[in-house]
């Protein structure tokens, strides 16, 4: 073999070894959040931690819980990331979450009377989430309609065919909204309210983000949504607004590390980043516009699209 050929082989071998040595470790997260949100945080995390490569598996909340259960015996995922606290309670009770012991410095214990983090340490709140009514201002004006600001307003006959909602059997956030009305108004009155509201639905979408998409594009005028959908749409220039009804819930959106994670160190690095000051600040990105759980972060909150 000639010297030139041997040299080329040696360079190729060294290049291969270097690529292997510096290949980022894969960290897998199962989430119900839309790509517009996860891609921003993914980019920020990988910039802060180039040693990790975040892989995002997007599933509805119920499908995500089912998936974590199915792979438990041969786990290939590291984290579960969603809004609905009840989904994390299901995984916790079945022993499918890891007690990670991460720092939550600067984050209060509660939102009102609701704990931000799991008191037993199996999952963490990273953003506060409220539930309410989003509307397209141009659509409402064109149809001569005033926006609904209370759940009971959505029962009015003039809203027939103008309201959208996602399926509560598929969306954890919508399920929580249904529960909020039932608990706030009582079982009988709550179900009566939902039946009257359902009579005005133009669409029941499969995924929660199908509702803001419908409002943004004017497929229907109003939608029952989690707050950040409205805030991010407004920050992106859509003619929309939002109101919290008197009876509503403000609870944490959560993240947890699954039991026996494929990459425990990478999972802990991601959760720690999300709870850190730089991670909390990513929530102000126009594509996300969520409410951070660390109060100090609000000093950098943009105006006027984000409520302080």
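Numbering (mature numbering (1 follows the signal peptide of the UniProt record, and there is no 0)), first residue to last: -23 to -1, 1 to 285. In this text, a Cβ means the ideal position worked out from N, Cα and C, and glycines have one as well. Here the structure is a predicted model, which is why all the values come from computation and not from measurement.
What are the partner residues of residue 24, as DSSP defines its beta bridges? BP columns for residue 24 are empty, so no partner.
Comparing C-alpha positions only, which one of 216, 257, 250 sits nearest to residue 114? 216
Of the residues 199, 236, 163, 176, the one placed nearest residue 100, counting alpha carbons only: 236
Please classify residue 8: is it buried, with 16 or more other beta-carbons within 10 angstroms of its beta-carbon, or exposed? buried
Would you list the one or two residues that DSSP bridges to residue 35? 8
For residue 81, which residues does DSSP report across the bridge? The partner list for residue 81 (beta bridge, DSSP) is empty, contrary to what the question assumes.
Kindly indicate which three-state DSSP category residue 116 falls into: helix, strand or coil? helix
Under 8 angstroms between the Cβ atoms of residue 265 and residue 17? yes
Classify residue 257 as buried or exposed, calling it buried when 16 or more other Cβ atoms lie within 10 Å of its own Cβ. buried
Distance check for residue 246 and residue 210, CA to CA, integer angstroms please. 30 angstroms
Where does residue 56 fall in DSSP's three states? strand
Would you check if the distance between the CB atom of residue 108 and the CB atom of residue 53 is smaller than 8 angstroms? no
So is residue 60 buried or exposed if we call it buried at 16+ other beta carbons inside 10 Å? buried
Give me the Cα-Cα distance between residue 272 and residue 55, rounded to the nearest whole angstrom. 28 angstroms
Consult DSSP for residue -12 and reduce its assignment to one of helix, strand or coil. Annotation note: pLDDT 49 at residue -12 (below 50); position unreliable, no value reported.
Let me check understanding here. Comparing Cα to Cα, which of 263, 195, 277 lies closest to residue 13? 263
Considering only C-alpha positions, which residue in the set 105, 172, 194 is nearest to residue 134? 172
May I ask which residues mark the beginning and end of the alpha helix (DSSP H) holding residue 63? 62 to 70
By DSSP's criteria, residue 235 is part of a beta bridge. Which residues make up the other side? 74
With a Cβ-Cβ cutoff of 8 angstroms, do residue 81 and residue 252 count as a contact? yes
Which residues bound the beta strand (DSSP E) around residue 176? Looking at the DSSP string, residue 176 is not in any beta strand (DSSP E), and its letter there is neither H nor E.
Beta strand (DSSP E) runs contained entirely in the region 133 to 176, provided each spans 3 or more residues: 140 to 143
DSSP has residue 87 in a bridge; who is on the other side? 92
Report yes if the C-beta distance between residue 38 and residue 149 is below 8 angstroms; otherwise report no. yes
Span separating the alpha-carbon of residue 225 from that of residue 161: 8 angstroms
Sufficient close CB pairs (3 or more, under 8 angstroms) joining the region 164 to 178 to the region 124 to 142: yes
Once you ignore the five residues that flank residue 276 on each side, which residues in its own chain have a CB closer than 7 angstroms to its CB? none
Under DSSP, the alpha helix (DSSP H) around residue 212 begins and ends at which residues? 204 to 212
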